[in-house]
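What follows is one structure encoded as structure tokens, with my remarks underneath.
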Amino acid sequence: MRRPDPTATAGELLARYLHDQAAEFLRSLRTYSEGDEEAARALRRSARRISGTLHTFRGHLDAAWADQLRAELAWLSGTLAREHAYAARLARLLEALGRLSAGTASLPGP
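If you read the sequence shown in the working numbering, its first letter stands for residue 28, the second for the next number, and so on.
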């Protein structure tokens, strides 16, 4: 992380931080399309950081813009979280199917 410019205004520091987070978001988005799980985590992390910053500094921003962007980021984060949960569920189901096919599955007890 780079040192902030001591002569920069709060608005300039906020703009720089949001710019850095947006760049991280876009890097993660590019890698995410290639199927990288770490990229999905980085994408969710960037979305949360941007959303939190917009919430914290809402009074210093265009409130309508900040609220709309936060809603879109919340939707994206929720979608990514569900995708992660569905992928984990699919892996468990495929593993169970493999055990059933191999005849090694145990039946639940009474």
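For each residue, glycine too, the CB sits at the ideal point set by N, CA and C. Computed from a prediction, not measured in an experiment: that's the story for all the values here.
query: Simplified DSSP assignment, three categories, for Phe-84; result: coil
query: CA nearest to the CA of Ser-73, picked from Arg-97, Gly-38, Ala-115; result: Arg-97
query: Same chain, Cβ closer than 8 angstroms to His-82, neighbours up to 5 away in sequence not counted; result: Ala-93, Arg-97
query: Limits of the alpha helix (DSSP H) - the one that Ser-128 falls within; result: 90 to 129
query: Endpoints, the alpha helix (DSSP H) within which Thr-58 is located; result: 37 to 59
query: Nearest to Gly-79 (by Cα), restricted to the options Arg-30, Ala-37, Leu-45, Ala-69; result: Leu-45
query: For Asp-71, three-class secondary structure by DSSP; result: The sequence shown places Arg at residue 71, rather than the Asp named in the question. Looking at Arg-71 - three-state DSSP - the assignment turns out to be helix.
query: Same chain, Cβ closer than 7 angstroms to Leu-100, neighbours up to 5 away in sequence not counted; result: Ala-74, Ile-77, Ser-78
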